Every structure is written in structure tokens, then in C-alpha cells.
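Residue numbers for the sequence shown follow the numbering used here, so the first one is 153 and each next one is one higher.
Even for Gly, the Cβ is constructed at its ideal location relative to N, Cα and C.
These figures come from a predicted structure and were not determined experimentally.
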Amino acid sequence: MTSLIDNDVLLKGACYGLLSDFIPLDREIIGVLGSAKFVVSKRIARLKLSGETASVLSRLHVFLAQSATVEPTSDEIGFAAELESTALRLGLTLDSGESLLCAVMVNRLIPSLLTGDKRAIRTIEVLLRVVPELYFIGGKVRCLEQLVLKCLERGKGPALRAAICAESSIDRALSICFSCTSPTWVEASSFEGVSSYIADLRSDAPTALSL
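If you want it as C-alpha cells, here you go:
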């Protein structure tokens, strides 16, 4: 398994119809939590989408069918609980999905975590300093904007803008980066905007975030 993916990336990728662009399955073996199908499906069903909810759910289920289902062991669940408890003592938050992904990543030596949760990334950065077992995760966390930037670098800018602006309420930052409220668009501005968000996150999480 080459990467673990969180629910936020699954949800936004499915809504945009960009999951296979964000994570090319021919090059990566993706692991998703067994609960993802139910959790993400419920979240999608509650959204007010411009497109058809059934189509979004179908895209999600097709992607999940091609991914590896991860069921955490009792040891991994225990470690995840410890991470959540430590974060809480530090005045931080780490939700159960992200803590489980971190625990699985460390225990099974999976080389990459893809997450759309910036708060979780900032929490992981702090936990890296106080939880020795998390050392493995350093430099192996990729945020959603990094996935978008890779797509831009592959020349997919127009398709990205069309998909993101079609569901502009899904991610406000990306909608701004792709000028969704404007009739005109300059691709270089999207590069600059997405890169700026990554740089801002990297300033807070220089050890956790991948290059």
C-alpha cells in the first residue's frame, strides 16, 4: 500500500469528479478506512450540490471499490486513542478518522498520508515533538492543495477549474484560487494561490508536510 487517504479528500474528490486525477490508481495503491464508505456517503447526502448526488456517490463507490479497505487492529485503535488524548491535553484536536490513519500508517509503515484536514496536519506537527512513535510520519503528509498543484503541473488547469467551480461551495479556498466568481481566469494565478496555501501550511507544519 503506497498511501492512505482521509474522508475529506474522498468527499471533495468525489464531488469534483477528480478522485482519479488527485490519486492515479495506476501508480498508487490507496488504503481507505472501512468506515469511509458509510461516513463519506452520509456527508455527501447532506450537501447541497449543484450536480446530482447520485452521480457523486457513484464516483465515490467506484473509487472505493478499486482501493484497499483498511480495518484497524486493536493495537492501532489503542494508539489512535492515545494520540487523541495527547492532543486534547495540549489543547488541540485530532478526530478519530485522522488518528486511526496515523496509527495505521505508523504500524504498517505506509509511506504517505493524503488529508484535506489542515487542522489535523497542524496537530500532527505538534504531536511529532511529543510522541516518539510518530517520527515515521514526518515529511510524509500531503494536503489537498498539494494534490491540486500536481494536477496543475500536469496541465489539467482548465479541467480543474471547471470541476471546482461547478461545485464552488465545497472548498472556499480552492474556489478563490480558481477565480470561480469571475468570468475570466488566469492559470498562473491558480498556481500562485494554491502554492500560497501550501506555503502557509508548511510554515505551521514544516516537519509533517511532504515536499
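- Assigned with DSSP and collapsed to three states, residue 328 falls in helix.
- Fully enclosed beta strand (DSSP E) runs of no fewer than 3 residues occupy 265-267, 293-295 of the region 265-351, in order along the chain.
- Counting C-beta pairs closer than 8 Å gives three or more between the region 253-271 and the region 214-234, which meets the contact rule.
- Taken through DSSP and simplified to helix, strand or coil, residue 157 comes out as strand.
- Residue burial is scored here from C-beta neighbours: residue 287 has fewer than 16 other C-beta atoms within 10 angstroms and is therefore classed as exposed.
- The residue among 316, 315, 273 with its C-alpha nearest the C-alpha of residue 360 is 273.
- Residue 183: not part of any alpha helix (DSSP H); member of the beta strand (DSSP E) spanning 182-185, first to last residue.
- Residue environment analysis places residue 363 among the exposed positions, since fewer than 16 neighbouring C-beta atoms fall within 10 angstroms of its C-beta.
- Straight across, the Cα-Cα distance linking residue 342 with residue 296 is about 14 Å.
- Rounded to the nearest angstrom, the gap between the Cα atoms of residue 240 and residue 270 is 17 Å.
- According to the DSSP assignment, residue 188 belongs to the alpha helix (DSSP H) that extends over 188-198.
- With 16 or more other Cβ atoms inside 10 Å of its own Cβ, residue 309 counts as buried.
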